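The C-terminal position of the sequence shown is numbered 95 in UniProt numbering, with every residue numbered one higher than the one before it.
First up is the structure itself, then whatever we jot down about it.
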Amino acid sequence: MSGPNKRQKTYNYKSSWPLSKSENATTASFKIAHLLVKKKKPLQDVELLKEAFLAGAERLFEGFYKKPEIISAIQELQLSDSTVLRRIEEIADDM
1 MSGPNKRQKT
11 YNYKSSWPLS
21 KSENATTASF
31 KIAHLLVKKK
41 KPLQDVELLK
51 EAFLAGAERL
61 FEGFYKKPEI
71 ISAIQELQLS
81 DSTVLRRIEE
91 IADDM
């Protein structure tokens with residue numbers, strides 16, 4: 001998929017429609033990429049964010065009924081350097 005339809009599908013994180021788990025993970029990675037750029041933070045070791053989320057989530061969500069689902073959602077985050085760079089490029093193209 002290319003052109004505006006792809007951008008609308010992947011970057012429409014303000015949508016009120018229920019999204020699938022993978023769409024939520026994509027939307028979350030867009031939000032993280034946007035925040036990194038907004039705060040002018042380097043993109044090196046972006047995967048470290050995912051590791052930090054997972055490390056904190058293990059304890060933070062201890063005793064939560066849906067803890068396995070929360071951990072799974074964090075694991076699905078798409079935060080490789082190349083993915084984050086693509087997200088930033090798509091956000092820039094959308095402006």
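Every residue gets a Cβ at the ideal spot worked out from N, C-alpha and C, and that includes glycine.
Predicted, not measured: the structure shown is a model, and the values here were computed from it.
Proximity test, Cβ basis, 8 angstroms: residue i and chain C
i, result
"Lys66", "Absent from the structure: chain C. Only one protein chain is present."
Local conformation of residue i per DSSP, three classes
i, result
"Leu43", "coil"
"Phe53", "helix"
"Glu89", "helix"
"Ser80", "coil"
"Glu58", "helix"
Distance between beta carbons of residue j and residue i, contact taken as under 8 angstroms
i, j, result
"Leu79", "Val46", "5 angstroms"
"Ile88", "Ala25", "Ile88 to Ala25, Cβ: 17 angstroms. No contact."
Span of the alpha helix (DSSP H), counted from its first residue to its last, around residue i
i, result
"Leu35", "Lys21 to Lys38"
"Ser72", "Lys67 to Gln75"
CB contact flag (residue i, residue j, <8 angstroms)
i, j, result
"Ser29", "Thr83", "yes"
"Ala57", "Ile74", "yes"
"Lys50", "Leu85", "no"
"Leu43", "Leu35", "no"
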